[in-house]
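Here the structure comes first, spelled out in structure tokens, and everything after it is commentary.
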Amino acid sequence: MSVRHDWYQSETKVVITVLLKNAADKNYAVEISENRVHMTADGYELDLKLMHPIVVERSSHKAFSTKVEIILAKETGIRWENLEEKVVAAAPTKSQSRKENSQLMGNANMKKCRVQS
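Just so we're aligned, residue 1 is where the sequence shown starts under UniProt numbering, counting upward by one.
In structure tokens, the structure reads:
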């Protein structure tokens, strides 16, 4: 199950706030790597592929009564447009599009034949 989160940034850090009551009681664990943050807590999971690299050694996390705060040290002082890297779906090639279109047309013709029978 996914967990609700929000984030903000300064020039030197990105702070992710994960809304989770009694996180310490829920056996929460946070793994921080250069491009990813992964958090689990008794059936809850958050997996983020970060927009930009961070400095793992200067990053940390802390549990409070209503949330977990994950503080990530930016590698560079640039402003992040998004927290997560955008996933771009690959566009189908022309041959894939033609094949799909011919399959659709074949299915449409089959339906026409069934209606006419």
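No residue lacks a Cβ here, since even glycine has one placed at the ideal position from N, Cα and C.
- In the three-state reduction of the DSSP assignment, Lys13 falls in the strand class, which pools E and B.
- Taking C-alpha positions only, Met1 is separated from Gly77 by approximately 33 Å.
- Under the three-state reduction of DSSP output, Asp47 falls in the strand class.
- Residue pairing from DSSP places Glu84 in a beta bridge opposite Leu50.
- Within the same chain, Cβ atoms closer than 7 Å to the Cβ of Trp80 are found at Gln9, Val14, Met51, His52, the five residues on either side in sequence being excluded.
- Under the DSSP definition of a beta bridge, Ser2 partners with Glu45.
- Relative to Glu84, the option among Lys26, Ile54, Ala29, Lys21 whose CA is nearest is Ile54.
- Ranked by Cα distance from Lys21, the options Lys49, Lys74, Asn82, Val68 are led by Val68.
- Going by C-alpha positions, His5 is about 14 Å away from His61.
- Between Ala23 and Phe64, the CB-CB gap stays under 9 Å.
- With contacts defined by Cβ atoms closer than 9 Å, Ile70 and Val18 form a contacting pair.
- Selection Glu34, Thr40, Ser33 evaluated against Asn27 yields Thr40 as nearest (Cα-Cα).
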